[in-house]
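K.L.:
Number of protein chains: 2
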Amino acid sequence: MNSTFNYLLHVSFVAASLVSTGEYLIAGEAAAYDKTKKAELRELATTFFGVLPAAMPGSEEDNDHRRHLGEKLYFDTQLSKNNSISCNSCHRVDQGLGGVDNAPGSTGAFGGVGDRNSPTVLNAGFQLSQFWDGRAEDLQAQAKGPVLNPGEMAMPSEEAVLDRLRMDDTYRALFVKAFPGAETALTYDNMAEAIAAFERTLITKDRFDDFQRGDDEAMSDLELEGLETFTSIGCTTCHTGPLLGGAVYQKVGLVHPYENFSDIGREAVTANEDDKYKFKVPTLRNVAITGPYFHDGGIATLGFAVRKMAYMQLGLELTTEQTESILAFLGSLTDKSRTGR
Amino acid sequence: MNSTFNYLLHVSFVAASLVSTGEYLIAGEAAAYDKTKKAELRELATTFFGVLPAAMPGSEEDNDHRRHLGEKLYFDTQLSKNNSISCNSCHRVDQGLGGVDNAPGSTGAFGGVGDRNSPTVLNAGFQLSQFWDGRAEDLQAQAKGPVLNPGEMAMPSEEAVLDRLRMDDTYRALFVKAFPGAETALTYDNMAEAIAAFERTLITKDRFDDFQRGDDEAMSDLELEGLETFTSIGCTTCHTGPLLGGAVYQKVGLVHPYENFSDIGREAVTANEDDKYKFKVPTLRNVAITGPYFHDGGIATLGFAVRKMAYMQLGLELTTEQTESILAFLGSLTDKSRTGR
């Protein structure tokens, strides 16, 4: 009897918290935004972010032949030693997925699990560099890596990859079409360049950009409140530019440490102690569908990721209301063109 | 050329880290344990933990009729308002799952998501109380809660539940068999008692108990090293007894805070400020298959959960080796009887 009573007390507690916790996004709590206020917020957003450009850097020389070849390569499991995985296995661009596999670490050709979270391939070519630690300067350089990584696609050598592709009449013809005039069309560099050409087509479209372009109805009041919170508490120190990230390296654990002390981040690339625990700031475009979060995929929910980032990087203890509005804002960054949202 | 070179450098870095990071559990690194050392470790384990008892408290009055009725109720979606979910929807005991649904928060009958992670029902009756905040004193009291919680199964009243059950000839007969001699067999209390009787059968079996019972081959050297690490660094301050948890309440964020500042934990039950952020210490039996972790399901991986617990509760920065061995040890707590492991 006593425990039933306690439970019922708690039911009301839970019911009340439905309205006020980060996991329940109830519209209608935010202050109403009128036309003037929306125009101000649009100007603020444009200052910090701006819309995604229509074309990706380096795409000037791309053409349909090259993009078509790249797409075929991107989905081809022949690029892994035992024909088990393709680029798309870890960076999923099909089925409404956000360019990731939603696993903390991805599974390689032989079943090993990587210790870093696969970053999204969508919009990737807009970033200052590739990989969490920025060790590849562009998409082409990135594409060469996982194919040969023993923990990923595990091909023994560039030559072994080319041997496979050369045995395929279709590939031989496609490479010649994609790289006309080249003395040897079917090279490892050209393979990577074709994959990059395909990846340069992977640009998202979302309601945040609709709002920035002038659509006053594109975002809810709670989402706009989240945009205000996001810009006012300091998130934009790192999450700036059209990607809301991808533009700078930053130490994870700036004010309070991140509890994975084993991954030293960019120091492994630069051998500079100042780069210990530095990682490329990830883009927040599509963030709602690209969990789990952080470089090791250690964080399960976006709500906790937001709370943890605020505390760890800014020293802030976010309230439920702040978390809730920021989560709503981040939801406006979800790709409409692939997910139908 | 330069970026390829950098990448290859990194490949070796990654390859080296395969052996040394928490996500890759490579056997053979641990020191060899001989018969004497194993006997010492067995004594240590028995002091801190001991094997799971063969029967659960309160099961003395249980019988097959009651357990059978309870099992039927446990899997029956009629206990939710729109017939969409059963007890088993959030606390999955089928398909080799560890008594949970592996979601950060569980989805209620009408699609809302709870802000606490569904705890495992396996071994639950061995715990000092039920729910993360201990607001139900036993399994029977617990079973009454979610059925009526508007965010969970959302039945409007006890009477509404009984009305449904009474309309079913089979249930009417089963209740009479399960509670013979009762003036009214089909009551809400008896429904909960039958579910509890079923839940009292849910006891796991694992290799850690095999080891504690004397099987020197039950655990690998790395797992034994993890047991030593676990007991030596202070985890046993809270994770004690046969469940490696479930015996005390403790503040989450003892040395460094947990970043979700909105869920005050047991304070909501006791109205005592000293209980702010206190939660029942969860059992570690089956922990490897019951993620995501912590009361809000905010942590995605067991490796990060271990590192974060060590830092947050003990102020320790775990090395890769410590994390790896503890993870191996925790793997020995996975239920063999349900998962075949």
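If you're matching them up, the sequences are chains A and B in order. Going by my numbering, the first sequence opens with residue 1, and the numbers climb by one from there. Going by my numbering, the second sequence opens with residue 1001, and the numbers climb by one from there. Heads up, the beta-carbon is just placed ideally off N, CA and C, and yes, glycines get one too.
1. Between Thr-134 (chain A) and Arg-266 (chain A), which are expected to be in contact by the criterion C-beta below 8 Å, what is the C-beta distance as a whole number of angstroms?
2. Using DSSP with H/G/I as helix, E/B as strand and the rest coil, what is Val-269 (chain A)?
3. Does the distance from the C-beta atom of Arg-1285 (chain B) to that of Asn-1088 (chain B) stay below 8 Å?
4. Since Pro-1104 (chain B) contacts Asp-1296 (chain B) with CB under 8 Å, what's their CB separation in whole angstroms?
5. Would Phe-329 (chain A) count as contacting chain B if we go by Cβ distances under 8 Å?
6. Please report how far the alpha carbon of Asp-101 (chain A) lies from the alpha carbon of Thr-290 (chain A), in whole angstroms.
7. Under 8 Å between the Cβ atoms of Glu-199 (chain A) and Leu-139 (chain A)?
8. Buried or exposed for Ser-1220 (chain B), please, with buried defined as at least 16 other CB atoms from any protein chain shown within 10 angstroms of its CB.
9. Please list, in chain order, the chain B residues whose beta carbon lies closer than 9 Å to that of His-394 (chain A).
10. Just mark Lys-144 (chain A) as buried or exposed, buried being the case when its beta carbon has 16 or more other beta carbons within 10 Å.
11. Comparing C-alpha positions only, which one of B:Leu-1044, B:Gln-1095, B:His-1091 and B:Gly-1214 sits nearest to Asn-1117 (chain B)?
12. Could you tell me the distance, in whole angstroms, from the CA atom of Val-255 (chain A) to the CA atom of Lys-308 (chain A)?
13. Output needed in chain order: residues of the stretch 1209-1231 of chain B with a Cβ under 9 Å from some Cβ in chain A.
14. Let me make sure I understand the geometry here. Which of A:Asp-206, A:Leu-69 and A:Met-155 has the alpha-carbon closest to that of Gln-78 (chain A)?
15. Rank A:Ala-218, A:Val-306 and A:Ala-271 by C-alpha distance to the C-alpha of Val-287 (chain A) and give the top, closest one.
16. Since Lys-205 (chain A) and Ser-106 (chain A) are thought to touch, with beta carbons under 8 Å apart, how far apart are those beta carbons, to the nearest angstrom?
17. Need the endpoints of the beta strand (DSSP E) that Lys-1251 (chain B) sits in, please.
18. Check whether chain B comes within 8 Å of Gly-246 (chain A), counting only Cβ atoms and requiring the distance to be less than that.
19. Answer yes or no: does any C-beta atom of chain B fall closer than 8 Å to that of Ser-262 (chain A)?
20. Please go through the same chain and pick out, in chain order, the residues whose beta-carbon is closer than 6 Å to the beta-carbon of Phe-1211 (chain B), but skip the five residues on each side of it.
21. Applying the 10 Å Cβ sphere with the 16-neighbour rule, what's the burial state of Gly-96 (chain A)?
22. For a test of the three-state rule: what should DSSP assign to Val-1113 (chain B), helix, strand or coil?
23. Kindly list the residues whose CB is nearer than 6 Å to the CB of Tyr-33 (chain A), restricted to its own chain and excluding five residues on each side of it in sequence; keep chain order.
24. Please identify the residue among B:Gly-1214, B:Phe-1131 and B:Thr-1319 whose C-alpha is closest to the C-alpha of Lys-1035 (chain B).
25. Report the rounded CA-to-CA distance for Glu-1363 (chain B) versus Asp-1115 (chain B), giving the unit in angstroms.
26. Alpha carbon to alpha carbon, what distance is there between Ser-80 (chain A) and Gln-1322 (chain B)?
27. For Ser-1325 (chain B), count neighbouring Cβ atoms within 10 angstroms of its own Cβ and tell me buried if that reaches 16, exposed if not.
P.N.:
In brief:
1. First, the residue type needs correcting, since residue 134 (chain A) is Gly and not Thr in the sequence shown. Contact holds; Cβ gap of about 6 Å.
2. helix
3. no
4. 7 Å
5. no
6. 8 Å
7. yes
8. buried
9. Because chain A in this structure spans residues 1 to 341, residue 394 (chain A) falls outside the shown range and cannot be described.
10. buried
11. B:His-1091
12. 11 Å
13. none
14. A:Met-155
15. A:Val-306
16. Contact doesn't hold; Cβ gap of about 26 Å is too wide.
17. 1249-1251
18. no
19. yes
20. Ala-1218 and Met-1219
21. exposed
22. strand
23. Asp-221 and Leu-224
24. B:Gly-1214
25. Only positions 1001 to 1341 of chain B appear in this structure, which leaves residue 1363 (chain B) out of reach.
26. 33 Å
27. buried
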